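First to last, the protein sequences are chains A and B.
Note that full-length UniProt numbering numbers the first sequence so that position 58 is 58, with each residue one more than the last.
Note that full-length UniProt numbering numbers the second sequence so that position 86 is 86, with each residue one more than the last.
Protein chains: 2
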Amino acid sequence: MSDLTATADSPVLAAARRAREAAAALAPVPRSVKDAALLAIADALVERSAEITAANAQDVERARAAGTAESVIDRLTLTAERIAAIASDVRSVVGLPDPVGEVVRGYTLPNGLDVRQVRVPLGVVGIIYEARPNVTVDAAALCLKSGNAVLLRGSGSAYRSNTALVEVLRAAVAGAGLPADVIQLVPGESRESVQELMRARGLVDVLIPRGGASLIRTVVEGSTVPVIETGTGNCHVYVDAQADLAMAVGVLLNSKAQRVSVCNSAETLLVHQDVADAFLPLALAALAEAGVTVHGDDAVLKAAEGTGVTAVPATEEDWGTEYLSLDLAAAVVPSLEAAVEHIRRYSSGHTEAIVTGSQPAARRFTQLVDSTTVAVNASTRFTDGGEFGFGAEIGISTQKLHARGPMGLPELTSTKYIVTGDGHVRGEARQTVGG
Amino acid sequence: MSDLTATADSPVLAAARRAREAAAALAPVPRSVKDAALLAIADALVERSAEITAANAQDVERARAAGTAESVIDRLTLTAERIAAIASDVRSVVGLPDPVGEVVRGYTLPNGLDVRQVRVPLGVVGIIYEARPNVTVDAAALCLKSGNAVLLRGSGSAYRSNTALVEVLRAAVAGAGLPADVIQLVPGESRESVQELMRARGLVDVLIPRGGASLIRTVVEGSTVPVIETGTGNCHVYVDAQADLAMAVGVLLNSKAQRVSVCNSAETLLVHQDVADAFLPLALAALAEAGVTVHGDDAVLKAAEGTGVTAVPATEEDWGTEYLSLDLAAAVVPSLEAAVEHIRRYSSGHTEAIVTGSQPAARRFTQLVDSTTVAVNASTRFTDGGEFGFGAEIGISTQKLHARGPMGLPELTSTKYIVTGDGHVRGEARQTVGG
């Protein structure tokens, strides 16, 4: 259903059309050529570091003049050292296996037909993201390795940085003998260019929004192009009746406070009532030390007295909030089933952890909780492509279709069936469901 | 992102919410219980055959009064014999392996964490389809086996039949101890109920439209719920320079004419110029005998003279048309690459076949053609879940995300990661890309 073949092209659609052509050329390219292009990219980033940081300085200056928060400016800023680190990440992608061509299933039918299901690139991948220029290079490298053309639509506030980066990437790719149009920055800084990407069904195979909840929601709700929803994480730690309490404190602290601004950090603590009296004083004291503010139910507020923790009453809204800060909602629950019920109601389906010494409790929790990742006696922070051993990550999918959880290179592919016979034809006219 | 928790419920949303609850209860149910429910369904369909055919007779009568085409009425009609066949299909689903719980990947990380990726149900599956009451039972059986709740939105013209069928299914499911709400007919016959399903993001996990191109297009373009696009098939047969001509005639005839109204039948023939003079007279005579009308380019029209085939000049529109009739577009191409280019331009990406004796040509064609299925020396008609050995099929996906080609039970699942440790926490605060 290519809806767009007859329409006059805007710059965005023209870019998408060029990406489509380039993707077709890239799809059958063997790994050695793609790896050579990646190495050329890594070298070029380091060599041309000065022009990249010069362009980036303009973005940073504009952001500062606009009164942008320092944390955002920090994410936006590129230095020679940071560029070297980005280049090093590209080199590590070289070492990852090429997913394209992998035979996922293969068998011979009773009639002698050979059926093979083989991984192929998705085609054209659109990435919509915020003011992190490192994503420009990461996404381009992962898409290139998996045989996809990429349309990069970064934040307007990083437009100069991204323009410089993409110029470096394209020159390196062209130098390695591949079409430069496999990597393109979506032209224009306006919101309209995002809207155009979202409607480019038939030209763009998938859109992956990465960033804040409102960006993701806009893309998910308005796009006719298939979308992979990423990122929102209202993660829970449930401390079961039979938990090792010291372990539970360690898992809780790590889940909540090791790094607070990320999607796999915990936002809510649920404690089984049978261990609440023993566990909460320990946990709340540790949370106090970490500087965490607790939004508690009545039982938690009562336990907080004298522990030194800052505690405020939890509102209905707290249970559904992804704080991304040193805040934690906390409640005492009467049972594992009540914890599961709470999670089902409020979780964004990213990651939930149980701390328990009981095998039946672990089994029941992992069966009943429907999230991308269920952790048993481990921190929620492990839900991450790097931690899972994928070597790289294009995002964490929180939807159920196509990919769920951390997405590595295989998640940037589709499959096709190759059926081989000796002139095989079908015998009887049985019903085909699909058409 | 459950957008709907605060809204007042329409009957459709209320049904979706009940489905969601029922899906949560169904997800951990073991295979033996689901299989018992399927057997109960099969028995009940046969036992209550009379009330189903009585309801169906009302639909048929209304359709006939409305002047509906006989082919559509034939698809709509249920007889005791057809119901017995549908029941037998349900019994065959019992024999298929349960995809839920399958460990897709599993390994231990260097830090000792066990990671397992396990198949889980999608949750709530919405099926939107046309006037084929057999789909009601097929879809319900496949969703039940894969642990999903299903919302069935059939054609208004089959509403009485579907109401009777779903009543039988629900009673059987309840009798087997499962919540009846795992199978629901979407209330109302209006188009509005389809629109509501399409906007029920957060309640419905995936929509699968099955039927004509306009239905599929409406759902694909208007839905905020993830959609699996199915079915449109503008399939090609390419006869290469080194083809066995008798084999090519056999594959072409079977692809075009064995059953014309299905998505995996061929609509366009492409012939390499080096064999056109030898192949076309044979092929066109065979097509004439099968009653096929050829829409040819100049070379084909010239070759058609004296073969007895009905031949008309092909228009630009012909190359993009899914005839679903005894019509075939046909052209002579200068090379394999030109055939690939033609396919890339006009194909719907369903199935393309090459007939060739050349290994390099077969390899090149399968590499370059980007469709759900590429057949070498075999009919396009094999793209089918039954033919592929899946035992059952919920449709044929023509999109790249999640599932591509015939979809069986595994394609009705998602996965989740289960991560198990001994109190594992993350050591250093490295960057998490996803959020």
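All residues carry an ideal CB built from backbone N, CA and C; glycine is no exception.
Owing to the predicted nature of the structure, the values given are computational and were not obtained by experimental measurement.
Item, Value
"Give me the residue from A:Thr53, A:Val425 and A:Ile354 with the minimum Cα distance to A:Cys235.", "A:Ile354"
"Taking DSSP as the reference, what is the three-state secondary structure of A:Arg132?", "coil"
"Kindly indicate the opening and closing residues of the beta strand (DSSP E) around B:Lys416.", "Thr413 to His424"
"Using CA coordinates, which residue listed in A:Ser347, A:Gly231, A:Gly211 and A:Leu45 is at the minimum distance from residue 437 of chain A?", "Examination of residue 437 of chain A is not possible in this model, given that chain A is present from 1 through 435 alone."
"When the Cα atoms are used, what is the spatial distance from B:Val433 to B:Gly126?", "Note on B:Val433: pLDDT 37, under 50, position unreliable in the model; no value is reported."
"I want to know whether the region 415-425 of chain B touches the region 249-256 of chain A - three or more CB-CB distances under 8 Å.", "yes"
"Give me, in chain order, the residues of the same chain whose beta-carbon lies closer than 8 Å to that of residue 481 of chain A; leave out the 5 immediate sequence neighbours on both sides.", "Outside the shown range of chain A, which is 1 to 435, sits residue 481 of chain A, and nothing can be said about it."
"Check B:Tyr159 in the structure and name its three-state DSSP category.", "helix"
"At 7 Å on the CB atoms, spell out the chain B contacts of A:Lys256, in chain order.", "Those do not exist, as A:Lys256 stays about 11 Å from chain B at its closest Cβ, beyond 7 Å."
"Would you mind telling me which residues of chain B sit closer than 9 Å to A:Tyr238, beta carbon to beta carbon, in chain order?", "In chain order: nothing, as chain B lies at least about 14 Å away."
"List, in order along the chain, the chain B residues whose C-beta lies closer than 7 Å to that of A:Phe388?", "Val115"
"Is the shortest distance between the beta-carbon of A:Gly306 and the beta-carbons of chain B less than 8 Å?", "no"
"Can you give me, in chain order, the residues of the region 279-294 of chain A that have a beta carbon less than 9 Å from any beta carbon in chain B?", "none"
"Whole angstroms is fine: what's the gap from A:Cys143's alpha carbon to A:Glu411's?", "11 Å"
"Taking the alpha carbon of B:Ala23 as the reference point, which residue from B:Ser92, B:Arg48, B:Pro110 and B:Gly123 has its own alpha carbon closest?", "B:Gly123"
"Quick one: list the residues of chain B neighbouring A:Arg91, beta-carbon separation under 8 Å, in chain order.", "Within 8 Å Cβ-Cβ: nothing; A:Arg91 doesn't reach chain B, min ~17 Å."
"Classify B:Thr108 as buried or exposed, calling it buried when 16 or more other Cβ atoms lie within 10 Å of its own Cβ.", "exposed"
"Three-state secondary structure (DSSP) at A:Asp9?", "coil"
"Report the rounded CA-to-CA distance for A:Ala278 versus A:Ala311, giving the unit in angstroms.", "18 Å"
"Let me know the secondary structure DSSP gives B:Asn377 once reduced to three states.", "strand"
"Does B:Ala24 come within less than 8 Å of chain A when only Cβ atoms are used?", "yes"
"Which bits of chain B does A:Ile83 rub up against, with CB to CB less than 7 Å?", "The contacting residues do not exist; A:Ile83 stays about 15 Å from chain B at best."
"Let's test the definition: count the other Cβ atoms within 10 Å of the Cβ of A:Ala392 and tell me whether it reaches 16, buried, or not, exposed.", "buried"
"Given that a residue counts as buried once 16 or more other Cβ atoms are within 10 Å of its Cβ, and exposed if not, what is B:Glu289?", "exposed"
"Can you give me the Cβ contacts of A:Ala403 inside the same chain, cut-off strictly under 8 Å, excluding the 5 residues immediately before and after it?", "Ile228, Ser397 and Glu411"
"Please name the residue, chosen from B:Arg170, B:Glu387 and B:Thr373, that lies closest to B:Ser348 on a Cα-to-Cα basis.", "B:Thr373"
"With a cut-off of 8 Å on the beta carbons, I'd call B:Ala139 and B:Asp59 a contact; round off their distance for me.", "The Cβ separation is near 18 Å, so there is no contact."
"Less than 8 Å between CB atoms is the rule here; does A:Tyr417 satisfy it with respect to chain B?", "yes"
"In its own chain, which residues sit with a C-beta less than 6 Å from the C-beta of A:Thr420, not counting the 5 before and 5 after it?", "Asp114"
"What are the boundary residues of the beta strand (DSSP E) that A:Ala397 is part of?", "The amino acid at residue 397 of chain A is misidentified as Ala; the sequence shows Ser. A:Ser397 -> beta strand (DSSP E) spans Gly395 to Ser397."
"In its own chain, which residues sit with a C-beta less than 7 Å from the C-beta of B:Ser10, not counting the 5 before and 5 after it?", "Glu196"
"Along the alpha helix (DSSP H) that carries A:Gly250, what are the first and last residues, could you check?", "Leu245 to Ala257"
"Looking only at its own chain, which residues have a Cβ that is under 7 Å from the Cβ of A:Thr366, when we skip the five neighbours before and after it?", "Val374 and Val376"
"Mapping DSSP to helix, strand and coil, what is B:Pro97?", "coil"
"Where do the ends of the alpha helix (DSSP H) carrying B:Gln273 lie?", "Gln273 to Glu289"
"Please name the residue, chosen from A:Ala283, A:Gly233 and A:Leu178, that lies closest to A:Val260 on a Cα-to-Cα basis.", "A:Gly233"
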